[in-house]
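Residue numbers 5 to 200, in the numbering used here, belong to the letters of the sequence shown in order. Data first, discussion second: the structure below is written as structure tokens.
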Amino acid sequence: MNIWRGVDIRLRGIEPEDAETFYTWDSTETETARMVEWVWPAGSLAQAKQWAQNRATETTKNDEFFFAAENGDGILVGIINTHGCDRRVGCFKYGVSIAPAFRGRGYAAEAVLLVLRYFFDELRYQKVTADVYAYNASSVRFHERLGFVQEGRIRRVVFSQGQHFDMLVYGMTVEEFCTRYPGSTAEDWLQNCLSR
């Protein structure tokens with residue numbers, strides 16, 4: 005058993021060789037950036053290489069990780085990171101992005117569930133929060149389908165396409181996670197999760 009391997013994907017660290025894929029994603033379309041953050045100025049391959057090199061060699065601090073998600077064929081399909089981690093309180097946040105060509109295959113759900121299981125079962129966190137831009141309807145549906153609860157709305161804190169938008173705050177406690185995704189073994193657990 006490998007805690008980082010799911011049914012259809014495997015999570016691993018960022019490697020310097022991933023830079024060209026990240027650069028291709030960033031240079032071919034900008035809507036993904038708009039949905040998860042904001043549209044950055046156009047970057048260079050050299051910048052992407054530096055970013056990947058830094059992620060590959062940096063010492064992790066405060067449980068803030070970057071994971072590459074690759075499918076069963078070893079193809080890089082997306083990225084997931086954790087941030088805003090507070091061990092004292094037991095809360096953390098995450099962000100996930102799957103390349104457009106690989107969306108709709110369950111990769112994002114599997115990546116999120118693997119990270120949640122690790123943080124809840126191995127690191128003893130008790131709550132996860134996800135910030136979702138109100139205009140990102142697919143992310144709203146995604147989080148609600150996974151069992152996240154909308155806990156709040158922060159008005160007009162996102163600026164995109166010349167307008168201000170609200171940010172929705174979604175959360176899930178460890179108890180909610182364990183109730184929704186039970187399983188005695190890792191394989192049973194993941195199959196149960198993905199069948200929802």
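No residue lacks a Cβ here, since even glycine has one placed at the ideal position from N, Cα and C.
Review point. Applying the criterion that 16 or more other CB atoms from any shown protein chain within 10 Å of the CB defines a buried residue, is residue 174 buried or exposed?
Key: buried
**Study point:** Residue range of the alpha helix (DSSP H) that includes residue 70
**Key:** Here residue 70 belongs to no alpha helix (DSSP H); instead the beta strand (DSSP E) covers 70 to 75.
Review point. In the stretch 47 to 118, which residue ranges form an unbroken alpha helix (DSSP H) of at least 4 residues, counting only runs that do not cross its ends?
Key: 49 to 61
Review point. What are the residues that DSSP puts in a beta bridge with residue 4?
Key: Here the chain comprises residues numbered 5 to 200, so residue 4 is not present and cannot be evaluated.
Practice item. Could you tell me how far apart the beta carbons of residue 17 and residue 60 are, in whole angstroms, since I believe they sit closer than 8 Å? Key: 7 Å
Review point. If we count the other Cβ atoms within 10 Å of its Cβ and call it buried at 16 or more, is residue 86 buried or exposed?
Key: buried
Review point. With respect to the beta strand (DSSP E) encompassing residue 134, which residues constitute its N-terminal and C-terminal limits?
Key: 131 to 137
**Study point:** Cβ pair residue 24, residue 49 closer than 9 Å
**Key:** Yes.
Check your understanding: Buried or exposed: which applies to residue 103, given that a residue is buried once 16 or more other Cβ atoms fall within 10 Å of its Cβ?
Key -> Counting the other CB atoms within 10 Å of its CB gives residue 103 a total of 16 or more, which places it among the buried residues.
Check your understanding: For residue 16, which three-state DSSP category applies?
Key -> strand
Review point. Alpha helix (DSSP H) containing residue 148: first to last residue?
Key: Run containing residue 148: 141 to 150, per the alpha helix (DSSP H) assignment.
Check your understanding: The alpha helix (DSSP H) spanning residue 11 covers which residue range?
Key -> That residue, residue 11, is in no alpha helix (DSSP H); it is neither H nor E in DSSP.
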